[in-house]
Structures are given as C-alpha cells and as structure tokens.
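Reviewing the structure listed below.
There are 6 protein chains.
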Amino acid sequence: MSSVAVRNIARADAAVVARLAAAGTATAPEAQQRTGLMQPYLRPIYAGAAIAGSAVTVLAQPGDNWMLHVAIELCQPGDIVVVGCASVNQDGMFGELLATSMRARGIAGLVIDAGCRDVRALTEMGFPVWSRAVSAKGTVKATPGSVNVPVVCAGAAVQPGDVIVADDDGVCVVPRLRAAQVADACDARLAKEAATRARLAAGELGLDIYGMRDKLRQAGLVYVDEPGDIA
Amino acid sequence: MSSVAVRNIARADAAVVARLAAAGTATAPEAQQRTGLMQPYLRPIYAGAAIAGSAVTVLAQPGDNWMLHVAIELCQPGDIVVVGCASVNQDGMFGELLATSMRARGIAGLVIDAGCRDVRALTEMGFPVWSRAVSAKGTVKATPGSVNVPVVCAGAAVQPGDVIVADDDGVCVVPRLRAAQVADACDARLAKEAATRARLAAGELGLDIYGMRDKLRQAGLVYVDEPGDIA
Amino acid sequence: MSSVAVRNIARADAAVVARLAAAGTATAPEAQQRTGLMQPYLRPIYAGAAIAGSAVTVLAQPGDNWMLHVAIELCQPGDIVVVGCASVNQDGMFGELLATSMRARGIAGLVIDAGCRDVRALTEMGFPVWSRAVSAKGTVKATPGSVNVPVVCAGAAVQPGDVIVADDDGVCVVPRLRAAQVADACDARLAKEAATRARLAAGELGLDIYGMRDKLRQAGLVYVDEPGDIA
Amino acid sequence: MSSVAVRNIARADAAVVARLAAAGTATAPEAQQRTGLMQPYLRPIYAGAAIAGSAVTVLAQPGDNWMLHVAIELCQPGDIVVVGCASVNQDGMFGELLATSMRARGIAGLVIDAGCRDVRALTEMGFPVWSRAVSAKGTVKATPGSVNVPVVCAGAAVQPGDVIVADDDGVCVVPRLRAAQVADACDARLAKEAATRARLAAGELGLDIYGMRDKLRQAGLVYVDEPGDIA
Amino acid sequence: MSSVAVRNIARADAAVVARLAAAGTATAPEAQQRTGLMQPYLRPIYAGAAIAGSAVTVLAQPGDNWMLHVAIELCQPGDIVVVGCASVNQDGMFGELLATSMRARGIAGLVIDAGCRDVRALTEMGFPVWSRAVSAKGTVKATPGSVNVPVVCAGAAVQPGDVIVADDDGVCVVPRLRAAQVADACDARLAKEAATRARLAAGELGLDIYGMRDKLRQAGLVYVDEPGDIA
Amino acid sequence: MSSVAVRNIARADAAVVARLAAAGTATAPEAQQRTGLMQPYLRPIYAGAAIAGSAVTVLAQPGDNWMLHVAIELCQPGDIVVVGCASVNQDGMFGELLATSMRARGIAGLVIDAGCRDVRALTEMGFPVWSRAVSAKGTVKATPGSVNVPVVCAGAAVQPGDVIVADDDGVCVVPRLRAAQVADACDARLAKEAATRARLAAGELGLDIYGMRDKLRQAGLVYVDEPGDIA
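Chains as they are written, first to last, in the working numbering: chain A, 1 to 231; chain B, 232 to 462; chain C, 463 to 693; chain D, 694 to 924; chain E, 925 to 1155; chain F, 1156 to 1386.
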C-alpha cells in the first residue's frame, strides 16, 4: 500500500444519502450511538450549506495537494471529497481552481483536515468546504499519497464510500453498510423530536416529559430553597 | 455540597440590568477595573445579539447535559443560563430542543463553557448562545451536577444572580452587589467617550486629547526622523 | 534601540500597492515563492474586506496599547498599521475610538497580533481589522514600545514600509523593494489562472492540463480497480 | 476594589494542611466531589515536589510581576503564593531572585497561571513551582493588581486562605472552611484504596471488587466472542 | 454496535512484536510509508520506556473510565491497552489502582487519548503510559463504551490486535496483518542506517552519501558566496 | 530569492558568544529590552543543556528536511542550526543520523520550529535540541528551501550569524552587530543581581530594595487589614 488510487468504490443508495442529508449532523450521530463525528475544529467556510454524499477519500502529504487532482477524476456527481493529512497541516491545499474543476464534475463539496483558500470566491460559487483553517499558504505537488484508501479525518475513521453528512454543526461519517439502518433511526428520532418540541414550546419541562425527576433524586440531586441552605 | 439545586436566588434590579446591556462588554469591564471578562474563546453563534440578565448557574459534568433541564425550571424570564463544566469539554450540550424550552420560559440566552449544536435553527429562532465550540456531539444524562452554585465559566468566577453582559465582543460578569455602581460608572464612561469620539473624528490625536506626549517622553520614548537614525 | 518612533519611512509606489490589492493573498505569496504569509490564526473581524497598503509597524507590550496612539500620528492616508506584540497576548488593544481616529487620518486598516474589540461598531464603520482574537479586555498605557521598527507579526517578519495585502484568506507581507517585481509576477499568474479556470470549468482535468500523469507514475502512484486489489 | 492588598487572612489548621499534603491531588479532589482541580496545563517545573499550604492570592496584570513583591511581605512560613492573571499570559513572571526572597520568608512554593523562568536554578534550590509555561520573557512593574482577593487560577476559583495541594499530578484547591472535612474524607478514601490495591495486586478484577458486572449488563453492555459476532 | 465487548481477538506473532519493539517508533513508521503514527501530543509519563504489544482497544466516554475495567479481563500478558475517547477529554481516567490491576494481569502498558494520574506512583512501579495530559481529575463509571472494536486514538485508526510500538518518540500502530512484513522492512532499514551512521560519524556528508547534489541543483537550489549575492 | 544557499556569513566574536552563553536566556533578553526570545513552545529535549553559538539559518518546507543536509556543509564548529518552517509543522525533521553528522562537524546544537525524533539517542549523545514537538513522523526530501537567509523561528526574526543562546528556559536571539554591547549589559546585570540576591536571601524585601512602596501607593495600591475592609 505505497501510493495507490482505487478507481471503483461501492456507494450508498442515493435515496438513503438524501434522507441522511435531511437528518443532518445533529441527528445522524445520535442515530448511531453518538459516533462518527469529526472534531469540531472543522468549520464550514460559509454558513448555511448542508449536504450529504459518498466519500471519495484522499490521503495527502502535509503542504502537498497533488492527490486532489487524482481524486477528482475518480469522483461521480454528488460525491464528497474527504482529505486526511499525513500530519497536522493548515496550508491552503484547496481553492477556487480546484473548486471549479470539482464543480464541473458535479462534486458536492469538500471536507479537508487542512486549510482552504479563496473563501470569498468559493462562497460566491456556493461550493461548500469544511476545513480546519483558512489559509492562503500555497502547496507543492511533489509527493504522492493515495485515493480511496481508509483515512482518518479530524479524528474520524472514513472508508471510501461511507456517507458524509455536513452542515453548520460540523461533519459526520455514516458507515456505508449501516447507512440505511441509520437513516431509519434518524427518521424515527426526528418524528419523536417533533412531538417533544411542541410540548416544550408549550412550556412543559424536559424534567416531566422525559421523567427525570425520580432519576435525579436517585442520583443524589438535592433541592434547597436558598443558597444558605447548602449543607 | 454534593449535587444540589438552589431554587431561589437574589437578582439585580431590572433597570440596572438594562443599563448594563446598553453599556455592553466593551464598557462594563472597564467600569470595574478591567475585571469580569470571560476568555475570548467563548464566541457568539451568530453576530448581532447583545443581552444582559441575571445568571442562573449550572455546574455540568463533561459530556452530560442533565442539569440544563434542572436549571430551566428555576429560571425567571430574562435570566441567562451560565454553564461551567467540571472539566474541559466541547460536546454539544445544548441545541434546538433545549432552546425551545428556554424560549418558552422566557430565558434570554445561554453562556456555556462547552459546545452548542443546531446553530442554524438557533439562529433562525434568534436564541443567542455564547459557546466554546460548535459541535453536534450528543451528551448523556447520567451524572448530576448542581444549579445555582458558584461556578467558573471560561475563566471567570460567577455567582448565581450576578449580571451577565454578552454581545459580539464576548461575555462579562458584573457582581450583583456592585451592579448599580458599575452601571453608573458605565454611564459616566460612555458620556466621556462620546466627547472623545467627536474630537478623534475631527482629526485630533489621542496623543493630545489624553496628554500623552510628556508621559511618553518620561517613559523613554525617543523620536527619530529616519530608520538609520536609531541608536 | 530602546523605545523609539521613526517619523519617516519609505513606502511602495501607490500603483504597485493597488495591483497587489487586486491580486490578493491567494496570489501574492505564490508570486514570491510561497513566502510572506502571516499565520492563519489572524482572522478578519468581518467578511469581504480586501485592502493593501504600506505598513506602519508597532511593537507593543502585552496588554498595553500606548504605542497605537503614537503610530497614528506617523501614518499617511492608505497606510496599514501592523502590530506585533512582545509576547503572546489576546487583549482587546484596539476598538472603536482608535478606529475613529485612524479613519479620520485616512488609515486603511489594522493588522494586530493581539485582540480587537467593538467588532460590531467596526463592522458598521467598515473599518477592517485582522486580529488573533476578539476580546473586550481593556489595556493599559504604561510601558512604551516602538513604532516603525522591524516586527514579527503572526509569524511573518515585517519591515516598516513593506506592503501589506489582507483579505478574507488572511494577511501577506510583500517586501517593499520587491513589490513591483511581485506585482508583475501576480499579473502573469492571474492571466495564466484565467485560462486554466476556463478549461477546468469546461471539464478538463488538472491531471491533463498540468501534465501530471507521467510525473505521478514516476513518483510511484499505482492505480487499481477495486479496494481488494491493493497489494 | 481597585488595587488592594489585604494584610491578614484566616488560614487552615496546620495539621489539616499536612494531612491534605499526604493525600495529594489524586485523592483530595475525589474527597470533594471531583471539584477544585486546576486545569492540567499547569505543570510542575521539576518532578517529585509535593506540598500543601495556605493560599496567598495574587491578581496580576499580563506581563507585570509587581504584585509578587507585595505578596511576599504578607506571607507566613508554609504559605503558597497563587497567581491568577488578568488575561492569558505566558511571560516569565517569576524566577530565581523572587524564589530567593520567598525561600528566605519560608514560603513553600508558587502556583502561577503564567510563565516561570530560571527553572534550572529553581530546581537546584528545590523551590517548587507549578506554571503554565517556562519562559525567560521578562516582565515590567508598571500596573498594580491585588493581593489576597479572590482569584481564578487555571480555571479554579481560589479564596485567600484556601488550602492548595500540589504535586506531580497538578494542583487542587480545598476551601478553607471545608478543609478538615475533606481531610477526613481523604483518610477514609486512602484506607479503602489500600485494601482495594491489595486485592487488585493479587489478580482480582475491579469488575468483581466493585460489583460492576450487573450494572454493566443493565447499562447495555453485550459480550460477544469474536469481532464477527458484533450485531 | 451499541456497547459491546469482544472476548477473543487475533494477535500478531510474539517474535514479530519483539522485533518491532526493537525497531521502535523512529523506524516502524518509515517501514510502512510514514503511516500509523499517533499525534505527538501523546507523551510518555516518564522517559525511557520502550514497548510493543498487541492492542486491546477501548472506546470510552469523556470523563468515564468504566470500560477500562472491562478491558483488563480481556487482556493477555504482553498486551497494550489503547483507549480512544468519544470526544476530546483530558480527565485522569487511569491511575495507580488500575495500573496495579493491569500489572497483576501482565499487561505491558497503556496508550490513552485522555488524561493519566498518579504519575509518580506509576513511575515508581515502572508501568508505562502514553497520555495526552496528566490530570488528577477523577472520572465516573456511568456510561458504557466498547472493548475490542476499531477506535481512533490520537489521530490513528487502531484495530484490535494491531501491534502498538511506543517509546520516547511517541506511539505507532502497525496493522496486524502487515506486522511481519513491516518487521522485515525495519530490519533492512536498521542495517542500512548503521552503515550510514558510520559514514556520517566519520565526517562524510549526507549530500554525498545520498547523492543529493544533482537533485538539489535540478530542483533549483543555487549557491552564492555572500548574503549580498542573492539575486 | 527562490531557493538559495549562502556559503559565507559573518559571525560574532567567540569570546562574546561565550559570555552570552554564561549569561543565558534569563539575562540576555533583559539586556536588550526584553526582545529576541523565541516563543516558549520551543522546549529542550532534555534538561541541563546551555549553549550559545552563531546561527546558520534554514528555511524548510513543512515535512521536508532536505535543507538540513545542505546546511551542515556550511557550518563551522560551534555553530547552531536554526530551522524556520514555511508553515506550522510538527514532523520529526531531525534525528540521530543528522545529529551524528552535525556532531562530526562540530555543530553545537539545533533549534527547530518543527519536530525532533530519536530523543533517547540524542540525549545519550548529549546533542542538544530545542523543538516544538517530539515526533517520529518522517519527512521527505522533495522541495528545496534556503540556507543562511533571514528566517522567523518560533516568533523571532533571525539573521544568519546572529548569536543564539539556548538553555532550560528557552531560546533567545541576539543580533550579531549588537552582541558585544549586549554581553556587556549582561555582565552589568549579573553583577547587580548577585548583590540583590544576597540581600533577598538575608530576608530583605524587594519592596525595599527596589524602593517600590511609594510607587505602588502612587499607582493606587491600598492596604487594608482584613478582607472585610475592602471598599
């Protein structure tokens, strides 16, 4: 496994991907036991984007964006490119030119554990990027990495073809083989939350809706009337 | 003081709170000898919110938002919930459902030394939050903390009932018993700044307005004409 | 070189500065061998500003903004004040009053390796600032530093009179004596990029436009058809 | 409360302090519901020191160590000086000369939420310091702070006279009024741990000693024989 | 895959593990294309330990060390426990009591992407730990995680049974199925380095040993005699 | 100034260098108005080393240590190699083999704004390194940088030939042309400190030795007897 690019990967069903996009990062991780979230240092370069797609993964060397060019050719419309870096790096590996190329190929967006530049142009294009930094620091094209191998991106393990869900709250990975099951759990969760939201909006308390009062007492919570009453 | 929730706390006068809101975080700390500011890693989830209110404090365990539910019941309209965490944590302890509940109860906003999620929904609701991270990472409800006990939030000590001032520049704590005095000092400061602003806008220099030239010379500042003139 | 303020510095030609402003931080560093970028922790306080100007440099003590007043008097219209700090500091050394004074003097903006406050007011004024933090923490005026001496700001060495280019991607320094040459290289680069952009938008791949396929093969990249084919 | 130095503070009983020193930071916080720990970025400048003492608190300005001189005069033998900083700062506020003075006065050690220098000399002297950084950056004596007022140090609120416990694991604050009660709880805990340690050393499992097996099953833990058996 | 503990995992051959221990982290990653290194924020709690062993993996909740007890029972002598955390956490999840239990079971060491306490006792015991922090902050036992599932630890993906190599330079993961092949490559590399070391010690230059002079010239490096000769 | 290596640089007088080594980093920056210190994230890989020497500077690409080989040939005995990195990087650019080569050439030590590996071997060799990280992450030799050009290392600007002073407290740069003058100031300062140290050791207070009492009162410090006396 020196430097390799894998041409064909399995992808999740498009309908499942769409349902996960609708669920978003606040729901999808909850539907898989609070797993799969990338670390919160990944931030969108502009607010409001919310996408999901199949991951085409890139393992890049620090300060070297060569493999992004290799990845684009291997993408299908709707894919999301996910870039893990061989060591921590904030250089601006991605900018307007690469986005133009990705847009022309129908790629939905980019998740990169490194820097991004040309953020104004990308915002005007509406090409969404989640990155660990905004940096104009240019990169070289000198050392190959790999495409469509397993990577770690912002603390999350990603297999090529996994479903990426990304929005204003961050980025989440849903393993491809569990995507349909997670989408089902998301739908159930969303339905339940809608009912809870209505009750909360009417002034009911979570303490009562979730039946927490007894559990809190058993866990040792004591109510007192005044600060001076604390034992 | 194991796990305790205090029902009744003293609050500052509403008129004083309103005056502190008007002064904002750029003025209130200056009016109390540059103290009371939380660390700048606390950021608003959207620009433009500017509030003040009495603190209902929460001491939470890392990754556990149970006590937020307890706190809501003990709030009055206009209060601000202030969450300190027992150890550094960025998980998304707060989101749209809790905000819906807080809004229904008239709570003005949240300051949390941990993560926040559902930032798009919260922005649309206009529910202001200052947090150390945006993260969709969900939390458990397993270990109780306390409500309305003294906490440290983002480096500042907060007593229940202290006045919280929060805006685009950050978050400041004004001790309840000194709130009126600080509000007076803010007013005086704002009046003075208005006069100074007019003079600066007209092109006068701070060097002259503040009489700094002599002090600078005494402190050792030397003017030279050209870089080559530096001794 | 104790505490010194230099009155007169050489500046780059205004036309060259304007061309560098048009090139922006994504192009200017590339035109000088990827050098001169300040670290990406410097961020603009609002999106959309894009300026260039001659640096009036300030060496400030931590938590002390005295020298900013000294610097203003020594600026010419169009200058950018660049503040390096004697040690890492995030205090809010700059706010609306100083911005009012700078605006009155025609100063184009501020780059500060410390904190900035009053960000809402500065945004409304349209006075652009790049800072390492937003913080309402006030500062003292007790210990002098220097003006128009060489400084290090966010990891970049800046000489007084160097050209500063700042926009949504960050801040770049172009040495004054090389500014014209860098502007020429920027123009050449922009022309070339326009041609490349059109080809990429039409669906051509960077692999082909830049002739990368042979180089990648020589560097050891191997294509396989399926994940299971990886040796 | 502008700039103030309080001459006389209440201190905890010396015997209680000694018992807390023996318990150390691994036990004392557990004996007070896992509270009172300073953040782990505070590190000892050399390994092996383990002390406890009454806190003489200092609120210092960033880059200014003036108040350390004021504090020394107000200390009694065995006290520990605790320095909170008005904003985040890593400058070397403390070194060999101040340590010589503190040693002459019988001060037991220093806890400082800023930098420390002369670490080799301090190590040779055996004067223990817990700091957030080692830095030779010198400081000024220009702006007064306060001595023996409440401070926040490394995320923990400290009242003058509170007991400070510091060793290789970090620094913990025990409120003065609860010190005797916490020392009792420490002793009980240490006795219990000694018994547990012997059983663990003999090969018994915590699962059995603490009776965790049922609780884990109820909490949902499922055992499977092989990785392939995961549902 | 809710909360699961896998009893039986495949392990690498003991002789291979021993060869990887001898190679150490400076050589093993080089022998697998510079992959597998955990991030350098993981540090040994004392200098000089150098171990290798099969990974028993733990996925832990922040501030909750329950699963460490579950893991111990599933270890064999020589194993290394590797703890990934569901979100970033520095609490002291591991200390002397757990080390006593691990030692009794023959476990070789611990790699934990969280905090460690009792570092003095652990050092005296000679039980090696690599952690992201030293912290006395205690943890709860409230929410189960998993044992022997894939985890991400300090940025590296670890499968149960992978070989962990840890020493003063950090921690490296070698996939179990490639361990023998990597050990072979390590041996070859070490032999080659021994020869190179002798030549370097004799004063030969890397420029000549590695034949770099031509490549550097082709890559554009230009030698000049004096600083003033730079074009 | 693309990629360049300068063969001949001016160096400071050896006797001056030796005097600066004796002064150390706690004194040298004070003798030049608290300037020249590198940021405290640079740490020695082992305690006790204290050196000074002339800087041979290296500008390296992230993850690429090619230029270190170029630099060695251009060093003279006693020189210190100072490596600035084109962007933030923690990879292990330097280890035992390069140290063997440097030792053979008489180089005194290394200061590197990146990572270092083989720390155990380097410690046994007694080859001192100050780095921002310990990391076994290997590097490539693909993109040239420069040798003996001005660099920024850990926040300090370094010219080739400047004097580097490094010890347990960190690293300081003394400009070559001012080295003799700074050495004189160091000697004066050390003499003065020796006298002060004796007085402090005898129990005199800094308040009296430095005559601070009046200045503190003028600056607004107020003494009160009890905490309750604070206005």
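Using N, Cα and C, we set each Cβ at its ideal position, and we do this for glycine too.
Contact defined as beta carbons within less than 8 Å: I believe E:Asp1091 pairs with E:Ala973. What is the distance between those atoms, to the nearest angstrom? 7 Å
Distance cutoff 7 Å, beta carbons only. Does A:Val152 sit that close to anything in chain E? yes
On a CA-only basis, which of A:Asp91, A:Met125, A:Ser87, A:Asp113 is nearest A:Ser101? Give me that one, please. A:Met125
For D:Val833, return the contacting residues in chain C, with the cut-off set at a CB-CB distance below 8 Å. Gln523, Ala604, Thr605
Quick one: does A:Asp162 have its CB under 7 Å from some CB of chain F? no
Short check: CB of A:Ala112 to CB of A:Ser87, under 7 Å? A small correction: the amino acid at residue 112 of chain A is Ile; Ala does not occupy that position in the sequence shown. Cβ distance not < 7 Å, so A:Ile112 and A:Ser87 don't count as in contact.
Minimum Cβ-Cβ distance from D:Gln725 to chain F less than 7 Å: no
Any idea what DSSP makes of C:Ala488, helix, strand or coil? coil
Skipping 5 residues on each side, what residues in its chain have a beta carbon closer than 6 Å to that of A:Thr57? Val82, Asn148, Val151, Val158, Pro160
Cα-Cα separation, F:Ala1291 to E:Thr949: 6 Å
In this structure, how does DSSP classify D:Ala923 when only helix, strand and coil are distinguished? Note that residue 923 of chain D corresponds to Ile in the displayed sequence, not to Ala. Of the three classes helix, strand and coil, the one that applies to D:Ile923 here is coil, per DSSP.
Pick out whichever of D:Asp918, D:Cys809, D:Pro821, D:Glu919 has its Cα sitting closest to the Cα of D:Ile800. D:Pro821
Check E:Ala1081 in the structure and name its three-state DSSP category. strand
Please confirm whether F:Ser1157 has its beta-carbon closer than 7 Å to some beta-carbon of chain E. yes
Taking its Cβ as the centre, do 16 or more other Cβ atoms sit within 10 Å of F:Asp1234, making it buried, or is it exposed? buried
With 16 as the cutoff for other CB atoms within 10 Å, does F:Gln1216 come out buried or exposed? buried
For D:Arg871 and B:Ala286, I'd like the C-alpha separation in whole angstroms. 25 Å
Against F:Asp1268, what residues of chain A qualify as contacts under a CB-to-CB distance less than 8 Å, listed in chain order? Residues of chain A passing the Cβ test: none, with the nearest at roughly 14 Å.
Could you tell me which of D:Glu766, D:Arg798, D:Cys865, D:Gly831 sits nearest to E:Gly1062, measuring between CA atoms? D:Cys865
Meets three-Cβ-pair contact criterion under 8 Å: the stretch 636-655 of chain C and the stretch 471-487 of chain C: yes
Do you know how far the Cα of C:Cys537 is from the Cα of C:Ala664? 47 Å
Using a 10 Å radius around the Cβ and a threshold of 16 neighbouring Cβ atoms, would you call F:Pro1232 buried or exposed? exposed
Applying the criterion that 16 or more other CB atoms from any shown protein chain within 10 Å of the CB defines a buried residue, is B:Gln263 buried or exposed? buried
Compute the beta-carbon to beta-carbon distance between A:Arg176 and A:Ala10, rounded to the nearest angstrom, for a pair I have assumed lies under 8 Å. 6 Å
Please classify D:Asp877: does DSSP put it in a helix, a strand, or coil? helix
Comparing the C-beta of F:Gly1310 with each C-beta of chain C, is any distance below 7 Å? yes
Tell me D:Val866's beta-bridge partners as DSSP assigns them. D:Ile857
Residue-chain proximity (C:Asp676, chain A), Cβ-Cβ < 7 Å: no
Taking C:Arg679 and C:Ile671 to be in contact with their CB atoms under 8 Å, please state how far apart those CB atoms are, rounded to whole angstroms. With a Cβ gap of about 17 Å, C:Arg679 and C:Ile671 do not count as contacting.
Every unbroken beta strand (DSSP E) within the stretch 262-338 of chain B, with a cutoff of 3 residues, ordered by chain: 282-291, 311-316, 323-325
Could you check if C:Ala656 is buried or exposed, using at least 16 other CB atoms within 10 Å of its CB as the buried criterion? exposed
Mind checking if E:Ser1011 is an interface residue toward chain B, Cβ cutoff 7 Å exclusive? yes
Assuming D:Asn701 contacts F:Asp1380 (C-beta within less than 8 Å), just tell me the rounded distance between them. 6 Å
A:Thr35 versus E:Gly1069, E:Gly1144, E:Arg1137, E:Leu1145, residue with shortest Cα-Cα distance: E:Gly1069
Below-7 Å beta-carbon distance, C:Gln538 vs any chain B residue: no
Using the C-alpha atoms, what's the distance from E:Val1058 back to E:Gly1016? 7 Å
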